[in-house]
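Undergrad: So the number in the working numbering is just where the residue sits in the sequence shown, counting from 1, plus 12.
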Amino acid sequence: MLTHKERTLKIRNHIDKQWSQYFFKFIEENNMQNWDWERISGNPNITIEIIKDNPDKPWDWYWISRNPNITWDILRDNPEKPWVWDGISINKNLTREMIKSPCVWSEISRNPNITMKSIIDNPEKSWDWYTVSMNPNITMENVRDNPIQNWNWSGLSWNPNLTMEMIKDNPMQNWDWDHISKNPNITWEIIKDNHDKEWDWWGISSNPNITMENIRDNPDKPWDWYNISRNKFTKEKKQFLNRKYREHMAAYKIQQWCLQIIVSPHYKIGRKMIDKKYKELFA
Numbered sequence: 013m014l015t016h017k018e019r020t021l022k023i024r025n026h027i028d029k030q031w032s033q034y035f036f037k038f039i040e041e042n043n044m045q046n047w048d049w050e051r052i053s054g055n056p057n058i059t060i061e062i063i064k065d066n067p068d069k070p071w072d073w074y075w076i077s078r079n080p081n082i083t084w085d086i087l088r089d090n091p092e093k094p095w096v097w098d099g100i101s102i103n104k105n106l107t108r109e110m111i112k113s114p115c116v117w118s119e120i121s122r123n124p125n126i127t128m129k130s131i132i133d134n135p136e137k138s139w140d141w142y143t144v145s146m147n148p149n150i151t152m153e154n155v156r157d158n159p160i161q162n163w164n165w166s167g168l169s170w171n172p173n174l175t176m177e178m179i180k181d182n183p184m185q186n187w188d189w190d191h192i193s194k195n196p197n198i199t200w201e202i203i204k205d206n207h208d209k210e211w212d213w214w215g216i217s218s219n220p221n222i223t224m225e226n227i228r229d230n231p232d233k234p235w236d237w238y239n240i241s242r243n244k245f246t247k248e249k250k251q252f253l254n255r256k257y258r259e260h261m262a263a264y265k266i267q268q269w270c271l272q273i274i275v276s277p278h279y280k281i282g283r284k285m286i287d288k289k290y291k292e293l294f295a
């Protein structure tokens, strides 16, 4: 149940959104006029939703960056946009302390919309290389192609694109075997085939690729039951759901086939059923 204040705020936000759409509709209805898109971009009636929904418009990202509707959450969630930092620096919602905060840059660096190009094109930014290294949009090719970057090998150990090949090709790096052991790209087969590695069973126990069968078949391993308790068993769940779905569809197809035979005059059982119903109705 919403409080009166929350309900009022929700209604106000909805009306504000309607007003922004009404304002932008006016611009579109007069598209032959000599609009100043710099000023439109900075107009407080323009929202990030309108900008995203109209990528063909000649938006000016300096003015968008200083638009009072742009909040830190919007900036953080859309790092791939061509933000202009001079504009951001004078945006009343974004203080200089906020932009310079290590916590803020840690969040930006882990955002899956960040690309290697974004990082290379903005070397002056306060990138957090631990969270950059674990970012799912960073590939092992990015790492190989940019060896001079300040890669954090503990963060890379947690990167979902990590491969065993990458680990073997870089044996002198400071790998974090706790992170590697729970990495979603590491399978039970990889663990078995590389038993000489420094596997961490606390991490393995939380690895989403581990199955209940793996645990049952290996009672001698030092499983961590705390981590097993919170393991979502993502791989096994997917296999279970797919198997049950196929069973259901197979049963459904059989039922439809049987039903078709029962009512079809092309089959003996169908002709008997039709004859029986005919006699019940007309005898």
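Idealized CB from N, CA, C, for every residue including glycine.
Only counting the same chain, and skipping five residues up and downstream in sequence, which positions put a Cβ closer than 6 Å to that of residue 96?
TA: By one-based count along the sequence shown, residue 96 stands at place 84. Closer than 6 Å at the Cβ level, and outside the excluded window around residue 96, lie 73, 74, 77.
Undergrad: For residue 92, report the span of its alpha helix (DSSP H) as first-last.
TA: Stepping through the sequence shown from its first residue, residue 92 is reached at position 80. Premise fails: residue 92 is in no alpha helix (DSSP H) and is neither H nor E.
Undergrad: Looking only at its own chain, which residues have a Cβ that is under 7 Å from the Cβ of residue 199, when we skip the five neighbours before and after it?
TA: Within the sequence shown, numbered from 1, the residue matching residue 199 stands at position 187. So the list reads 221, once near-sequence residues are dropped.
Undergrad: Measure the beta-carbon distance from residue 5 to residue 152 and round it to whole angstroms, keeping in mind my assumption that it falls under 8 Å.
TA: The question about residue 5 has no answer, for the chain in this structure spans 13 to 295.
Undergrad: Classify residue 241 as buried or exposed, calling it buried when 16 or more other Cβ atoms lie within 10 Å of its own Cβ.
TA: Working through the sequence shown from its first residue, we reach residue 241 at position 229. Exposed.
Undergrad: Does residue 143 come out as helix, strand or coil in the three-state DSSP assignment?
TA: Sequence index remark: in the sequence shown, residue 143 carries index 131 (1-based). Reduced to three states, the DSSP call for residue 143 is helix.
Undergrad: Could you tell me if residue 246 is buried or exposed, where buried requires 16 or more neighbouring beta carbons within 10 angstroms of its beta carbon?
TA: Looking up residue 246 in the sequence shown gives position 234. By the 10 Å Cβ count, residue 246 comes out exposed.
Undergrad: Select from 32, 50, 266, 79 the residue whose C-alpha is nearest the C-alpha of residue 65.
TA: As a first step, residue 65 is located in the sequence shown; it is residue number 53 there, counting from the start. Comparing Cα positions, the closest option is 32.
Undergrad: Exposed or buried, residue 297, counting other C-beta atoms within 10 Å across all chains shown (16 or more means buried)?
TA: This structure cannot speak to residue 297, because the chain is shown only from 13 to 295.
Undergrad: Could you name the residues of the same chain whose beta carbon sits closer than 7 Å to that of residue 213, not counting the 5 residues immediately before and after it, in chain order?
TA: In the sequence shown, residue 213 corresponds to position 201, counting from 1. So the list reads 233, 234, 235, 236, once near-sequence residues are dropped.
Undergrad: What number of angstroms, rounded off, separates the C-alpha of residue 136 from the C-alpha of residue 162?
TA: Against the sequence shown, residue 136 aligns to sequence position 124. Against the sequence shown, residue 162 aligns to sequence position 150. Each residue's Cα considered, the two are about 13 Å apart.
Undergrad: Would you call the CB atoms of residue 126 and residue 159 closer than 8 Å?
TA: Working through the sequence shown from its first residue, we reach residue 126 at position 114. Working through the sequence shown from its first residue, we reach residue 159 at position 147. No, these two residues do not count as a Cβ contact at 8 Å.
Undergrad: The alpha helix (DSSP H) with residue 73 in it runs from where to where?
TA: Looking up residue 73 in the sequence shown gives position 61. Unbroken alpha helix (DSSP H) run through residue 73: 73 to 78.
Undergrad: In chain order, what residues of the same chain lie with their CB nearer than 8 Å to the CB of residue 105, ignoring the 5 residues before and after it?
TA: Mapped onto the sequence shown, residue 105 falls at position 93. Taken in chain order, the residues that qualify are 80, 82, 83, 84.
Undergrad: Can you tell me whether residue 102 is buried or exposed, with buried defined as 16 or more other CB within 10 angstroms of its CB?
TA: Position 90 of the sequence shown holds residue 102. That one is exposed.
Undergrad: Does DSSP put residue 47 in a helix, in a strand, or in coil?
TA: On the sequence shown, residue 47 is found 35 positions in, with the first residue counted as 1. If DSSP states are grouped into helix, strand and coil, residue 47 belongs with coil.
Undergrad: Relative to the C-alpha of residue 67, which candidate in 192, 19, 93, 166 has its C-alpha closest?
TA: Here residue 67 is taken as the residue at index 55 of the sequence shown, counted from 1. The residue with the shortest Cα to Cα distance from residue 67 is 93.
Undergrad: If we ignore side chains and look at the alpha-carbon of each, how far apart do residue 173 and residue 251 end up?
TA: As a position in the sequence shown, residue 173 is number 161, starting the count at 1. As a position in the sequence shown, residue 251 is number 239, starting the count at 1. Taking the straight line from one Cα to the other gives about 21 Å.
Undergrad: So, using beta-carbon positions, are residue 143 and residue 166 closer together than 8 Å?
TA: Working through the sequence shown from its first residue, we reach residue 143 at position 131. Working through the sequence shown from its first residue, we reach residue 166 at position 154. Not in contact: residue 143 and residue 166 (Cβ atoms no closer than 8 Å).
Undergrad: Could you compute how far the alpha carbon of residue 45 sits from the alpha carbon of residue 254?
TA: Reading the sequence shown from its first residue, position 33 is the one you call residue 45. Reading the sequence shown from its first residue, position 242 is the one you call residue 254. Rounded to the nearest angstrom, the two C-alpha atoms are 56 Å apart.
Undergrad: Residue 243: which of 156, 226, 219 sits nearest, CA to CA?
TA: Against the sequence shown, residue 243 aligns to sequence position 231. Considering only alpha carbons, the answer is 219.
Undergrad: Can you give me the C-alpha to C-alpha distance between residue 193 and residue 259, rounded to a whole angstrom?
TA: Position 181 of the sequence shown holds residue 193. Position 247 of the sequence shown holds residue 259. The straight-line gap from Cα to Cα measures roughly 34 Å.
Undergrad: Only counting the same chain, and skipping five residues up and downstream in sequence, which positions put a Cβ closer than 8 Å to that of residue 188?
TA: Reading the sequence shown from its first residue, position 176 is the one you call residue 188. Closer than 8 Å at the Cβ level, and outside the excluded window around residue 188, lie 165, 166, 169, 170.
Undergrad: Using the Cβ count rule (16 or more neighbours within 10 Å means buried), how would you classify residue 15?
TA: Numbered from its first residue, the sequence shown carries residue 15 at position 3. Exposed, since its Cβ has fewer than 16 Cβ neighbours within 10 Å.
Undergrad: Considering only the alpha carbon of each residue, which of 54, 19, 28, 69 lies closest to residue 43?
TA: For the purposes of this step, residue 43 is taken as the residue at position 31 of the sequence shown. The option with the nearest alpha carbon to residue 43 is 69.
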